[in-house]
Each structure stands twice: as C-alpha cells, then as structure tokens.
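Worksheet for the structure shown next.
There are 2 protein chains.
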Amino acid sequence: MQLIDGLKVAKEIKSQISREVNDIVISGGKRPHLAAILVGHDGASETYVANKVKACEECGFESTLIRYEENVSQEELLEKIQELNNNCDIDGFIVQLPLPSHITERIVIEAINPNKDVDGFHPVNVGKMALGLPCLISATPNGIVTLLKYYGISTKGKKCVILGRSNIVGKPMALLMLQKSMGDATVTICHSHTSNLKEECRQADIIVSAIGQPHFVTADMVKEDAVVIDVGFTRIPDSTKKCGYHLCGDVDFDNVAPLCSFITPVPGGVGPMTICSLMQNTLQASKINH
Amino acid sequence: MQLIDGLKVAKEIKSQISREVNDIVISGGKRPHLAAILVGHDGASETYVANKVKACEECGFESTLIRYEENVSQEELLEKIQELNNNCDIDGFIVQLPLPSHITERIVIEAINPNKDVDGFHPVNVGKMALGLPCLISATPNGIVTLLKYYGISTKGKKCVILGRSNIVGKPMALLMLQKSMGDATVTICHSHTSNLKEECRQADIIVSAIGQPHFVTADMVKEDAVVIDVGFTRIPDSTKKCGYHLCGDVDFDNVAPLCSFITPVPGGVGPMTICSLMQNTLQASKINH
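Below, the structure is given as structure tokens:
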C-alpha cells in the first residue's frame, strides 16, 4: 500500500508555479493576482480563505482579501463582482461559499466573468469541461486527476466508482474521469438512492468518495489493490486538539488502507491539492487575460 | 415485452404543443418561430431538416429554412447567426451539423445566443444542465427521459448503463439520468476503452446505447426484464428500399427484444422524440424570449 501524499505533491507544484511566476516577472510580465471575497466569519471559511492567501504567497502571486459582514446585500456583492470583472489587475477571484441565506449563490456565481472564475463553478466553465473544451476546471476534481497522474496510476479503461453527485466534486469528477484526454475510465456515479452501493464499490479499480459521511467506505466495499481517493473532510469536535476538532474522511482508513494499492489520507490527501489547483487556475487565467 | 412507440408519443406531444400554440395565438401572443441553417446538400442532413420543418407545421410554428452552399465562409455564417440572435421574431434556431471541414463547429455553436440555442449544444446550456439549472436541454437525451416517463418506467435507484460518451447523447444522457429531479439513477458510462463492457451491460436495469454500431448490443449482454433504449441509426445500403438504405440501430433487436420489459425500435423509437424535444425547446424559448 502506498500513501498518496497530497501535501508533498502540492508543495512541488506550488514551487514550479513560483519559479514560472518569477520567470514571467523577470521578463516584464504581470504577477498573477487572486482576489477572494469572504462574507461573514464562518470558522471553516476563514480557514480556507487564509490557506488560499498563504498559497498565493508561496506561488509568488499577489492576493487581495475583500471582507463583508454577514448582512451585506446581494446588490453590494454583485457590484463588487462587476468591479473585479472590470479590474485588469485582478486575474481571477473567488467568492467563498457558503453565502448567507438571503443571497442566491447561483446569481453570484453567474455574475463572475468566466475567464476570471478560478473556482470553475460558472456554467460556461462547467459546460466547456463537460464538452472537453479548454476552460477553468473545478479545483478539487482537477487536483485529484493531478494526483493520479503524479503517482503514475493508470486510469484508462479502469472502472472508477464515484460516491456523490455534487456539482462541486461528484459530477465534474465523473466528467473528467470519463474524458478520453483525462481519465478515459469507465465511470459509475453512485448516490443516496443507489440500491446496491456496496456491490458497485467492490467492482471498482478506483473509488472516489465525496459524500461527507465519516467512515462510510468500509473494508468490505473495497477490492484488493483498489485505489481509494477520499474527498471527505467532516469536522469532528475534539477537545484534545487546539482548534477544537479533527478532520475525518469518508473512508474507514485503518481498515481500508491495507487492501489498497494507493490511498489518500485525510488530512493531507486531496485537500492540499484543491488549493493547488486554484493556484494553477489563477496562473492560467493570468495567461489568458494578458 | 412492450414496444416503446416513439412515433405515437411524439405525435401526442406535438398535438399538445399545437393546442398550446393555438391558445397563445388566440390570446394575442406570438406564434413560435424556428429557423434552421443548412449548409450544403448532405442527404441525411436534408432529411433531418425537412423533418424539422414538417414538425414545425404540425406544432403550428412558423419556420424558416436558410440554405448555404458548401463553400460558404465561416464569417458569412457567423454574420447570419448574429442576425438571427438579434431578430426578435426568431425564437430559436439550429445550425444543422455536420458543417464542412473549413468551418469550426465549436465557434459556430458558441456564437448562438444560449436563449435561442434550441439544440442545447451551447456550453452555457450544457453547463446549466450539468448543474441542474433551468436551460434548453439537448434534444435526444430529453426525448429519452420523456419516453421513460410516458411509459411509467421507474428509474430512481435503478442501474442505468450508457454506451457512448458523445457530447450530443452519452454525456448529457448520463447527467440527466443522474439528476435527482430527472432519472435519479445510478449511472455507468461505457465507451470504446471500457474493458468489461458485456459484464457492465448485464448488470443494467436500463441500457441506453448511442455508439452507432449496428447490432452491437447482443442478447448475452442484456439481463431479463431490462429496458433497452436504442439511439443508433446507421444507414445500411439497401437496394430494395426506395431511398436506397434502411436504418439500423445499435441493438440486435430480434434476439434482444424477447428478454426486455421495454425496448425502442429503430426507426420509430428515439428518432421521432429528438425532433419532438426540439419543438418543446422552441416553445420554451419562445416563452422565455417574450
């Protein structure tokens, strides 16, 4: 069994990006600039945005954090998005989700210029990805494909079972793994209404679990030598930790890992790659926009 | 075994549309208007476009056929698309594919106003469909879902195996069958690189075949009481037919049909429903645009 070290891979890729940015700046080009909009003070969102800002530093990007209180109006948010769309200095930006309930996320996402939508959530980017056209690809699925490639894990013709059909992970992951130029795998998507989920998983060469249920994937669901990618990251209250919680994946790691050829840990597997893909998208957006 | 009669269902839906159009016109509303651009004189394309024009008549739509010779420039085509985008009288339009090799289909499709893209091929519509948002849905997959609903075929939690990963059928079909509000099925997508295709098919409650290989789906691939939807329509030269060919589906119908609970014939199954969905999209576009 080999552990997939997302931290290590993400670090390497961020160094590569940093060197590339250095070359760009030396030859008179523009330093990429990522902006993030954060509404309110949700603990998890604060952490994610702080990590994104830190990753920008590691990559040699400029970053700007724009904060709003919980009660910001949708109009004000949309005005800011318009301003960022028109600001040539900003290459890409994200609006950290979730947003307060009085704001319609869909309207906010669709207001972002698709060429600056480094989260890859805009329908234009989702559609282009589905069609196999160049675009800004949703960060988590892209990070997973990068990990598989890095470890030389063959996916062509393999059976890949994806647990979860979310817009952010499950569906785009399925589309990427299906694409001839990406995964080229046979893809099955399972979800809460799948009747024989264990049997589906037992047939999988590669399992990608993105359902957010701790320890859902148990040893009896995994065949010998399978590759298991765990996208789950549920926060479990834990008084022994300084932050008050520990992260828990979808996979019963201790019992599943011995069966696997490759497996991602939580934390330190997919998580760091998501931010890394966001950095790759920002660099790509910077190249497109200039 | 019950035969799924696409001709009958399409006829019923077109009558419903015709009655609705009548009501709209009587109450002072606008009669929907579909335009079609046809480049060159390909036999199959001529037939499809003629059938679409005929369906418009049956639905009480206005229709306009715009013809270009094979050597039309891409610029001229794009100018016409711009004109149709800006023409308030045109509710929706299609550019019949394939186009001559000197024209880039992707550029042509992306030039169409997504609100008039009644084929549902524009990345915005594909993306919105993937995300489960209201949009103009690609005609063939939508027609298949309509057929399944009409015959009361339950799909929730069922195993649906899709053969083929084309942008026009396989991928959008997978996304629709997966959607909670549509198929809500467990979906597997197989293709040319799938290693154990027969075994995948044998597990399917519903098979949708869209690969264009006559008689590819044989009896040993279909489990008892499966539902088989045949999207194939290969033209086989046939001197006994007036038109010089007969249509052949992907399914070895004679041997597969006895095993099935439901099966679509070719012709007369999915084909009529594709045009019918195009009419539904045109009516929908007309409502959105006015």
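The listed protein sequences derive, respectively, from chains R and C. Each number in our numbering comes from the position in the first sequence (counting from 1) with 338 added on. Each number in our numbering comes from the position in the second sequence (counting from 1) with 338 added on. Where is the CB? At the ideal position from N, CA and C, for every residue including glycine.
Three or more C-beta pairs below 8 Å linking the stretch 570 to 579 of chain C and the stretch 436 to 453 of chain C = no
In terms of alpha-carbon separation, which member of C:LEU437, C:VAL499 and C:ILE491 lies closest to ARG405 of chain C?
-> Residue numbering aside, residue 405 of chain C sits at position 67 when the second sequence is read from its first letter. The shortest Cα separation from ARG405 of chain C among C:LEU437, C:VAL499 and C:ILE491 belongs to C:LEU437.
In the stretch 401 to 426 of chain R, which residues sit with their C-beta less than 7 Å from some C-beta in chain C, listed in chain order?
-> none
Interface residues of chain R around ASN505 of chain C at Cβ under 8 Å?
-> Taking the second sequence and counting its residues from 1, one reaches residue 505 of chain C at position 167. Chain R residues near ASN505 of chain C: ALA468, LEU469 and GLY470.
Looking at the C-beta of PRO603 of chain R, does it have a partner C-beta in chain C at a distance below 8 Å?
-> Your numbering for residue 603 of chain R matches position 265 in the first sequence. By this cut-off, PRO603 of chain R is not an interface position.
Go to ASP568 of chain C, then tell me how far its beta strand (DSSP E) extends in each direction, as first and last residue.
-> For the purposes of this step, residue 568 of chain C is taken as residue 230 along the second sequence, with counting starting at 1. For ASP568 of chain C, the uninterrupted beta strand (DSSP E) run begins and ends at 565 to 568, by DSSP.
Is the Cβ of THR487 of chain R closer than 8 Å to any Cβ of chain C?
-> For this step, residue 487 of chain R is matched to residue 149 along the first sequence. First, the residue type needs correcting, since residue 487 of chain R is Lys and not Thr in the sequence shown. So no, LYS487 of chain R is outside the interface.
In terms of alpha-carbon separation, which member of C:VAL483, C:SER401, C:PRO603 and C:ILE549 lies closest to ASP427 of chain C?
-> For the purposes of this step, residue 427 of chain C is taken as the residue at position 89 of the second sequence. The option with the nearest alpha carbon to ASP427 of chain C is C:SER401.
Residues of chain C with CB under 7 Å from CYS528 of chain R, in chain order?
-> The residue you call residue 528 of chain R lines up with position 190 of the first sequence. By Cβ distance, chain C contributes THR524.
If you measure from the beta carbon of HIS531 of chain C to each beta carbon in chain R, is any gap under 8 Å?
-> Taking the second sequence and counting its residues from 1, the one referred to as residue 531 of chain C is at position 193. Chain R contact via Cβ: present.
Could you list which residues in chain C have their beta carbon closer than 7 Å to that of VAL464 of chain R, in chain order?
-> For the purposes of this step, residue 464 of chain R is taken as the residue at position 126 of the first sequence. Those are GLY465, ALA468 and LEU469, listed as they occur along chain C.
Tell me whether ASP590 of chain C sits in a helix, a strand or coil according to DSSP, three-state version.
-> Sequence index remark: in the second sequence, residue 590 of chain C carries index 252 (1-based). Coil.
Kindly identify the DSSP beta-bridge partner or partners of LYS497 of chain R.
-> To locate residue 497 of chain R, count along the first sequence from 1; it is residue 159. Beta-bridge pairing links LYS497 of chain R to R:THR524.
For a contact meaning CB atoms closer than 9 Å, what does ARG444 of chain R contact in chain C?
-> The residue given as residue 444 of chain R occupies position 106 in the first sequence. For ARG444 of chain R, the residues of chain C that pass the 9 Å Cβ criterion are LEU469 and LEU471, in the order they occur in the chain.
Given a cut-off of 8 Å, decide if ILE500 of chain C and LYS525 of chain C are closer than it, judged by their beta-carbon atoms.
-> Along the second sequence, one-based indexing puts residue 525 of chain C at 187. Along the second sequence, one-based indexing puts residue 500 of chain C at 162. For the record, residue 525 of chain C in the displayed sequence is Val; it is not Lys. In this structure, ILE500 of chain C lies closer than 8 Å to VAL525 of chain C by Cβ.
Where does ASN463 of chain R land, buried or exposed, given buried means 16+ other C-beta within 10 angstroms?
-> What you label residue 463 of chain R is simply residue 125 of the first sequence in a count that begins at 1. Under this definition ASN463 of chain R is a buried residue.
Give the DSSP bridge partners of PRO575 of chain R, in chain order.
-> Start at 1 with the first residue of the first sequence, and residue 575 of chain R comes out as number 237. Answer by DSSP bridge pairing, in chain order: R:TYR583.
Enclosing beta strand (DSSP E) for ILE613 of chain R [first to last residue] | Sequence index remark: in the first sequence, residue 613 of chain R carries index 275 (1-based). That residue, ILE613 of chain R, is in no beta strand (DSSP E); its alpha helix (DSSP H) goes 608 to 627.
N- and C-terminal bounds of the beta strand (DSSP E) containing GLY502 of chain C = For the purposes of this step, residue 502 of chain C is taken as the residue at position 164 of the second sequence. Per DSSP, GLY502 of chain C belongs to no beta strand (DSSP E) and is neither H nor E.
What's the C-alpha gap between THR493 of chain R and LEU621 of chain R?
-> On the first sequence, residue 493 of chain R is found 155 positions in, with the first residue counted as 1. On the first sequence, residue 621 of chain R is found 283 positions in, with the first residue counted as 1. Distance between the alpha carbons of THR493 of chain R and LEU621 of chain R: 27 Å.
Where the alpha helix (DSSP H) through TYR488 of chain C begins and ends | For this step, residue 488 of chain C is matched to residue 150 along the second sequence. Note, TYR488 of chain C: alpha helix (DSSP H), 477 to 488.
Alpha carbon to alpha carbon, how far is MET515 of chain R from HIS460 of chain C?
-> As a first step, residue 515 of chain R is located in the first sequence; it is residue number 177 there, counting from the start. As a first step, residue 460 of chain C is located in the second sequence; it is residue number 122 there, counting from the start. About 22 Å.
Relative to chain C, which residues along the stretch 550 to 582 of chain R have a C-beta separation below 7 Å, given in chain order?
-> none
Inter-residue spacing [alpha-carbon to alpha-carbon] between ASP543 of chain C and SER533 of chain C = As a first step, residue 543 of chain C must be located in the second sequence, where it is residue number 205. As a first step, residue 533 of chain C must be located in the second sequence, where it is residue number 195. Computed Cα separation, rounded: 20 Å.
So ILE613 of chain R packs on ALA393 of chain R, CB below 8 Å; how close in whole Å?
-> Your numbering for residue 613 of chain R matches position 275 in the first sequence. Your numbering for residue 393 of chain R matches position 55 in the first sequence. ILE613 of chain R to ALA393 of chain R, Cβ: 5 Å. Contact.
What three-state label does DSSP hand ILE362 of chain R in the structure shown?
-> Here residue 362 of chain R refers to the residue found at position 24 when the first sequence is read from its first residue. Reduced to three states, the DSSP call for ILE362 of chain R is helix.
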